[in-house]
Structures are given as C-alpha cells and as structure tokens.
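One structure is given below, encoded as structure tokens.
Number of protein chains: 2
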Amino acid sequence: MEAVSKGVLRGPHRSQLWTKRPRKYHGLGEGGISLGLAEIDFDAPDLVEKAVIDAVINGEYHYVDVKGLPEFLQAVVNRCEKYNHMNIEVENVLPTVGAMNGIWLTSRAVLKPEDEVIIVSPIYGPIFGHMTSAGARVIVCPARDDGYHLDLDDIEKRISKQTKMIVICNPNNPTGAVYTKGELEGLADVARRKKIYVFSDELYDTLTYDGRRHVSIASFSGMEDLTITVNGFSKTYGMSGLRIGYAVANKKIIDRMRKLNGPIVIQPGTIEQKAAAVALNECDEWMRCFRSHCEKMRNILCDALDRLENVSCPRPEGTFFAFPDLSKVFKNDREAASLLEGEYNIRTSSGSGYGKGGEGHLRLVFAATQEIIQEAAIRISRAITKFADN
Amino acid sequence: MEAVSKGVLRGPHRSQLWTKRPRKYHGLGEGGISLGLAEIDFDAPDLVEKAVIDAVINGEYHYVDVKGLPEFLQAVVNRCEKYNHMNIEVENVLPTVGAMNGIWLTSRAVLKPEDEVIIVSPIYGPIFGHMTSAGARVIVCPARDDGYHLDLDDIEKRISKQTKMIVICNPNNPTGAVYTKGELEGLADVARRKKIYVFSDELYDTLTYDGRRHVSIASFSGMEDLTITVNGFSKTYGMSGLRIGYAVANKKIIDRMRKLNGPIVIQPGTIEQKAAAVALNECDEWMRCFRSHCEKMRNILCDALDRLENVSCPRPEGTFFAFPDLSKVFKNDREAASLLEGEYNIRTSSGSGYGKGGEGHLRLVFAATQEIIQEAAIRISRAITKFADN
C-alpha cells in the first residue's frame with residue numbers, strides 16, 4: 018500500500034508545485050494556492066512513470082499502427098468491459114491526443130451544420146465551442162436545481178427533428194454530480210426512441226464517493242451504437258503533459274474520427290499509449306488510494322463551506338470539484354474569483370465559464386494535499402465571511 | 018565521438034527492428050527490409066532519451082503554458098537564428114503535435130475557399146489533401162526534369178489573382194533536391210512582388226550533402242512575414258513516436274494557428290517539448306555524425322542504381338530519400354513496389370503518391386545500417402535486372 022500510494026502521500030511542497038505545474042500556478046505569488054486548473058497536485062503512479070522510462074530505454078518511441086498500440090487498445094477494451102460494462106472490440110476504440118481531441122473529433126464526425134445538440138449544463142466549457150464551431154446549434158438544458166441531476170422531461174421537451182446528439186459529462190465537471198442508473202436509463206430510453214446520439218464525457222469515472230458506482234450510458238442495451246464515450250488520463254492519473262485519451266463509439270464513427278485525425282496529428286505519442294495501458298492495467302490500487310484521499314479532501318472542503326451562511330454547495334458525488342453557489346455573497350462569479358486571487362492568493366475558476374446554471378458559482382479543485390485543502394478552506398471561509406458582511 | 022554517435026553506429030539487428038518500429042516493418046516477413054515509411058532505423062540521440070527520462074523523474078510531465086514550454090520556444094528561436102538565419106522571436110513560434118499538425122494548421126489559418134495554392138511537385142503526399150480539404154484549389158507545378166529543382170517561370174505563369182500561397186518542401190521529400198540560394202531568391206522575389214505566402218516544409222534541413230548548405234526562404238529580407246516554415250523531429254532525430262514539431266510564421270498567423278489547435282489537442286506533450294529542446298540545443302555532434310552516415314548510405318545505394326541500365330536517379334542532394342525513375346522497367350510504380358515487396362521482401366513507397374512527376378518512381382529511405390543498405394541495393398539491382406529482361 019505504501020508503494021502504490023506514493024503519489025498521494027508524497028505531497029509536493031509549495032516550491033515544487035511552482036516548478037512542476039507551471040500552468041496551474043502561473044503568476045500566483047508566494048504562498049499562492051491554485052484550486053483553478055483541473056490538474057491534480059500529485060505525481061502520476063510510479064508504474065506509469067516506470068512505463069515511460071522503460072519505453073525510452075527499450076527504444077519504443079517510434080510510429081505504431083495508425084489504429085493504435087495493440088496493448089493500449091486491448092487495455093481500453095478490457096477496462097470498458099470490466100469497469101464500464103460495455104461490450105466492445107478493439108475496432109470501437111480510437112486513441113486520441115487527450116480527451117479534448119476526442120470531443121473535437123466527435124463534433125466533426127457526428128454533426129452537420131443545422132444539426133441541434135442538447136447540452137446538459139453546467140458542463141466543461143470548451144464543449145460549447147466545439148459544437149458551435151462544427152456548425153451545430155446548441156440547445157442548453159440546465160441540470161436540476163437540487164443537486165445538478167438530469168431533468169429528463171426538460172431534455173425531451175427540447176428535442177426537435179434537428180436534434181442529433183445529447184451531451185452529458187458524467188461524473189459532471191464542474192458540479193460533481195454522478196448520474197444514477199435510473200436517470201441514465203431514462204436518458205437512454207429517450208435516445209433510443211428518438212434515435213439520437215449521446216455524447217458522454219466520462220473523464221472522472223474512477224472518482225465517485227459515498228459508495229456510489231459510476232454507470233456508463235453506453236452499457237445499456239441498444240446504446241452501444243448510439244453513444245460516443247470519451248475518456249482520458251490527464252486529470253485522474255496526474256499526467257496532463259502526457260497527451261493521451263480515447264474515444265469509444267460504433268465502428269463507423271471511430272473510422273470517421275480516425276480519418277479526420279490522421280492528417281492533423283498522425284497519431285498520439287507511442288510512450289503515451291504505453292503509459293496509458295499501464296495506468297489501465299496496473300494502477301487500480303493507486304486509484305483506490307487516490308479516490309479515498311479525494312473523498313477526504315472533499316469532506317474537509319465541504320464541511321467548511323457548509324459552516325458558511327449564504328453559501329450553498331451540494332456535496333459533490335464524484336470528481337475532484339466542489340461547485341459552491343456564492344451569488345448571495347459576491348456580485349458575480351468573475352468578481353468572486355478576482356477578489357479571492359487578489360486578496361487571498363487563492364485561485365479558482367468562475368462558474369459562468371461552464372454555461373447556464375454556473376453563474377454565481379466557483380469551481381474549486383480539491384485534488385491537493387490535506388495541508389493545502391485545509392489552508393484553502395480557511396482562506397475561502399475568511400473571504401466569504403468578510404464579503405458577506407460588506 | 019563514440020558516445021554521441023551511438024545511435025548511428027549501434028545498428029539494431031533485424032529482430033529489434035520488428036519490435037521497435039512496428040509501423041515501418043508491419044507485415045513484412047522474416048528477412049524483410051523496409052525502405053518504405055520515412056523513419057530512420059536508429060535510436061534518438063542519447064541526450065534526447067535522457068531528457069525524457071529526466072523529465073519523468075523530476076515530475077515534469079504536467080501542463081505548461083499554452084504558448085509552449087519556454088525552454089523549447091527559446092531553443093527554436095536560437096536554432097532558427099543560428100542555423101536558418103531567420104530573425105524571429107518567441108511569439109513567432111508555435112509548438113505542434115509533429116510537423117503534420119503544422120501543415121494542417123497552416124492550411125486552416127491561411128487559406129479560404131476559392132483561394133489557389135501552387136504546390137511544387139513531387140512533394141510529401143498529404144500536403145495535397147490538407148490544401149484541398151481546407152477548400153483551396155490546388156495548382157500543381159512540377160519541378161524541373163533535370164534534378165527536380167524549381168521552375169520559376171512556370172511557377173510565375175501559374176499565379177492568378179486567387180493565388181494565396183506557394184508550397185515547397187526544401188530539402189525535398191521525396192526527390193532529395195536542396196534548393197539553391199539563387200533559386201530561392203527568385204521565388205522570394207515572385208512572392209514579394211505578388212504578395213503571396215510561401216509555405217516551406219523544412220523537415221530535412223539538417224541533411225544536405227556534398228558540402229551543400231540549406232537555405233531557408235524565410236531568411237530573406239521581406240520574407241519573414243510571408244513565410245510559414247514547418248519543422249519537426251520525428252524523421253531526422255529518430256523520435257517518430259514523440260509527437261513534436263514547430264511552425265514559424267508572423268505573429269498573426271501563429272496566433273490564429275494556436276487558437277485553432279487549442280480546442281483540438283490543448284498543446285503538444287511536455288516531455289516532447291523538453292526532449293525537442295535538448296535535440297536542438299545539444300545534439301549537433303550527433304546530427305553531424307548521422308548526416309555523414311546518411312551521405313555514405315546515399316552513395317552506396319546510388320552507386321548501385323547508377324550501374325543499372327534503364328534506371329535514372331539524380332543523386333539526392335539532401336534528405337534520406339532516393340527517388341529513382343523506374344518507368345522503363347515496370348508498368349507503373351505501384352506494380353514496382355508490389356513486385357519488390359512480394360518477390361524480394363523489400364518495401365518501398367510508390368512515387369505517384371507524391372503527385373505529378375512522381376509516376377514511375379519509387380521512394381527509397383536510406384537511413385539504415387550499412388548492412389541493410391548494401392543488402393537492399395543487391396535486391397533492388399537483382400529485381401530491376403530481372404524485370405528489365407522480361
């Protein structure tokens with residue numbers, strides 16, 4: 018347990034964070050804390066680091082088959098079968114240059130101008146731009162007020178003859194909602210009846226709390242061909258600079274995505290594919306340890322937020338994001354983020370970047386050491402107490 | 018010298034090639050030789066391998082600034098100034114996921130539908146598709162018959178009011194032509210007068226022979242703002258599975274390319290940027306040794322081709338490609354490639370994939386060990402002798 022949990026227990030001290038996570042901490046002063054960028058403050062699993070080093074030593078950093086490194090493709094198939102209960106083959110998998118690449122390719126492979134896309138919001142911000150730049154019309158469907166779950170009636174009401182795809186992020190970035198089997202069955206029912214694709218961003222599917230289990234909508238009968246699932250390693254495995262992810266969909270869509278991506282990037286890196294195969298095959302123990310650490314950090318941060326008047330924050334059911342509503346304290350979320358960084362040296366993301374329903378919220382990344390999360394909780398509590406009094 | 022030249026002198030034996038270069042050797046039987054895919058048979062410089070390992074050990078595999086890793090950007094600036102005699106700043110550089118990414122981004126950042134693009138052919142095949150899929154009309158301008166150099170009169174004749182860009186590959190893939198300062202000055206003169214962009218793929222700019230010096234068209238006065246130069250590391254540094262390259266252009270075009278690429282891949286890998294910085298900063302001695310080896314291999318292969326009747330092959334002035342015309346021996350280049358692979362277990366690329374002027378030719382990659390190139394020369398000579406007699 019000691020060995021596998023190194024990444025979690027060995028919390029890097031502040032000065033290391035500066036050097037090693039230049040983008041997350043960029044421009045923050047001495048003593049600054051970044052809960053902004055979705056990046057964990059820990060190293061990747063030892064076995065992932067070892068996989069990269071071994072690949073270099075063995076000279077395995079050359080082109081591989083354009084369809085992907087066989088051991089990576091097989092690792093994805095095994096993982097999707099065992100963890101996500103999907104029924105897929107190697108031909109259903111496309112290695113991508115990070116999950117972002119998979120989202121972009123989906124928008125280009127599936128959508129045509131004039132198509133409508135229903136996006137359940139709040140959601141990872143760039144998704145809106147991907148869909149509109151593909152020429153589609155975005156129909157925003159806000160999540161329910163009570164805990165950010167799916168509003169199935171509202172989704173169905175917004176479906177038209179032009180609706181081509183419904184977009185969800187499950188577990189949800191930024192709200193932390195983990196959709197239940199029941200509501201996903203409801204969504205699948207709608208998709209099957211109306212013959213609409215579902216795009217499911219499942220980047221945080223290993224991080225669910227309070228005994229919840231992640232459910233992939235692609236695991237339901239009849240949804241294999243209608244779902245495009247995207248996943249990656251940057252976030253939950255602490256390897257954001259190793260650009261690798263994957264998309265799972267029916268073979269026709271995967272073929273189309275591959276043909277689109279080849280002329281753009283040829284293929285994702287070979288050592289990235291090797292490292293990701295090891296992450297999927299050999300790092301379950303590391304992930305259990307990391308999830309348990311994140312659950313503890315969620316409790317520390319959310320306990321502090323719960324003690325604050327005028328702040329509402331449904332406890333995140335998964336991911337490493339808390340998404341408190343601070344609209345009773347600050348004029349708007351951009352002002353909130355700016356005051357917190359300017360006066361308390363703590364960086365956050367403003368909620369309006371995540372679409373309708375995010376206004377007045379901040380997204381807080383709690384994948385850091387206990388020392389940092391405790392200090393963050395103190396600073397945020399002080400700030401909110403001060404500004405609530407003004 | 019021993020240390021830096023390891024990659025060249027330590028020729029991996031056949032069975033290693035199978036494992037380590039799965040795409041180049043895919044499907045070739047026992048004893049197969051691949052002169053097909055543009056990939057060298059040697060490992061990357063030791064210092065590049067060490068840079069990747071160090072990055073992993075130091076935990077430097079996280080997001081960096083979206084504009085690029087500062088040490089990589091600076092290495093590109095220094096290299097472009099010293100080696101290419103360009104006058105640029107960090108803001109003129111975009112790190113890309115390999116050179117392919119830079120070509121694609123150029124087509125999207127510069128071209129609009131109805132624009133015309135003059136492409137000097139034969140050239141790296143995918144370039145045609147990039148330009149047409151961006152909506153542009155491709156005007157092919159074949160290189161001169163005598164050694165594949167630029168036909169400036171012909172280029173100028175093909176310019177219309179719609180012409181937006183002229184595309185060259187220098188040194189040329191697949192012909193090995195290294196454009197002289199004189200002809201590039203002529204091309205620059207045309208571009209300046211007509212206010213047309215020049216796209217210059219300079220992937221092989223370190224590999225020039227017989228004392229030739231590579232000249233970048235962007236180094237001429239007035240061409241800084243009119244040239245988009247693309248370069249990479251996959252080919253000449255033996256790191257095809259480390260997806261990294263760069264584009265150099267005016268700041269407006271670089272900004273546009275960055276904004277296009279962010280939503281597609283976020284950024285190239287961090288360890289790739291670190292490795293590429295080391296390749297540029299510290300591997301000149303390795304490159305000298307590799308170039309000298311390639312020149313020797315060129316001589317072995319071309320001496321053998323020169324001895325064959327019915328075969329014409331201007332000696333390549335750079336790159337690691339020979340591009341013999343075999344039209345007097347085989348019905349066409351696809352048949353030539355197929356017969357060579359089927360009957361002599363030697364893989365090549367058929368020349369018609371490189372556009373007008375490539376028909377009847379084969380592209381042969383000679384960046385391999387002397388043992389392999391000698392054996393390749395024997396098999397090709399036997400095959401040509403046999404088929405010429407038929």
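Protein chains in written order, with the numbering used here: chain A, 18 to 407; chain B, 18 to 407. For each residue, glycine too, the CB sits at the ideal point set by N, CA and C.
Helix or strand or just coil, what does DSSP make of residue i?
i, result
"B/Asn75", "coil"
"B/His310", "helix"
"A/Val265", "strand"
"A/Lys181", "strand"
"B/Ser344", "coil"
"A/Ile363", "strand"
"B/Phe338", "strand"
"B/Cys319", "helix"
"A/Ser257", "coil"
"A/Ser233", "coil"
"B/Thr57", "The sequence shown places Ile at residue 57 of chain B, rather than the Thr named in the question. Reduced to three states, the DSSP call for B/Ile57 is coil."
Using a Cβ-Cβ distance under 8 Å, would residue i count as near chain B?
i, result
"A/Asp272", "no"
"A/Ala366", "The sequence given here has Ser at residue 366 of chain A, not Ala. Chain B, which has no Cβ nearer than 8 Å to the Cβ of A/Ser366, makes this no."
"A/Pro285", "yes"
"A/Lys41", "yes"
"A/Trp303", "no"
"A/Leu259", "yes"
"A/His231", "no"
"A/Leu54", "yes"
"A/Gly115", "yes"
"A/Gly152", "no"
Which term fits residue i, buried or exposed, when burial requires 16 or more other beta carbons within 10 angstroms of its beta carbon?
i, result
"A/Lys129", "exposed"
"B/Asn327", "exposed"
"A/Ser309", "exposed"
"A/Ser150", "exposed"
"B/Ala20", "Here B/Ala20 scores only 38 on pLDDT, less than 50, and its place in the model should not be relied on; the value that follows carries that caveat. Burial call: exposed."
"A/Lys181", "buried"
"A/Glu47", "exposed"
"A/Lys345", "exposed"
"B/Gly228", "exposed"
"B/Glu334", "buried"
"A/Gly199", "exposed"
Between residue i and residue j, what straight-line distance do the alpha-carbon atoms span, to the nearest angstrom?
i, j, result
"B/Met304", "B/Thr253", "8 Å"
"B/Glu173", "B/Asn189", "20 Å"
"A/Gly359", "B/Phe383", "59 Å"
"A/Lys84", "A/Arg275", "8 Å"
"B/Gly374", "B/Thr336", "18 Å"
"A/Glu392", "A/Lys211", "49 Å"
"B/Arg27", "A/Glu88", "With a pLDDT of only 47 at B/Arg27, under the threshold of 50, the placement of this residue in the model should not be trusted; the figure read from the coordinates follows. If I take the Cα positions, the gap works out to 27 Å."
"A/Arg175", "A/Ser138", "14 Å"
"A/Gln432", "A/Ile261", "For residue 432 of chain A there is no data in the structure shown, the boundaries of chain A being 18 and 407."
"B/Arg161", "B/Met148", "22 Å"
"B/Lys41", "A/Lys67", "26 Å"
What residue range is occupied by the uninterrupted beta strand (DSSP E) comprising residue i?
i, result
"A/Arg154", "Arg154 to Pro159"
"B/Pro112", "Val110 to Thr113"
"A/Asp218", "Tyr214 to Asp218"
"B/Ala394", "Where B/Ala394 is concerned, there is no enclosing beta strand (DSSP E), although the alpha helix (DSSP H) it sits in stretches over Gln387 to Asp406."
"B/Val382", "Leu379 to Val382"
"A/Val247", "Thr244 to Gly249"
I'd like to know if residue i contacts chain A, where contact means its C-beta is closer than 8 Å to some C-beta of that chain.
i, result
"B/Val81", "yes"
"B/Pro280", "yes"
"B/Ile288", "yes"
"B/Trp35", "At B/Trp35, the pLDDT of 48 sits below 50, so the modelled position is not reliable and the matter cannot be decided from this model."
"B/Gly46", "no"
"B/His13", "Nothing in the structure corresponds to residue 13 of chain B, since chain B is present only between 18 and 407."
"B/Arg275", "no"
"B/Glu66", "yes"
"B/Pro143", "yes"
"B/Asp60", "yes"
"B/Met182", "no"
"B/Val247", "no"
Along the alpha helix (DSSP H) that carries residue i, what are the first and last residues, could you check?
i, result
"B/Ile135", "From DSSP, B/Ile135 is part of no alpha helix (DSSP H) but of the beta strand (DSSP E) over Glu133 to Ser138."
"A/Ala205", "Lys198 to Lys211"
"A/Phe89", "Pro87 to Lys99"
"B/Asp82", "Unbroken run through B/Asp82: none, as it is neither H nor E."
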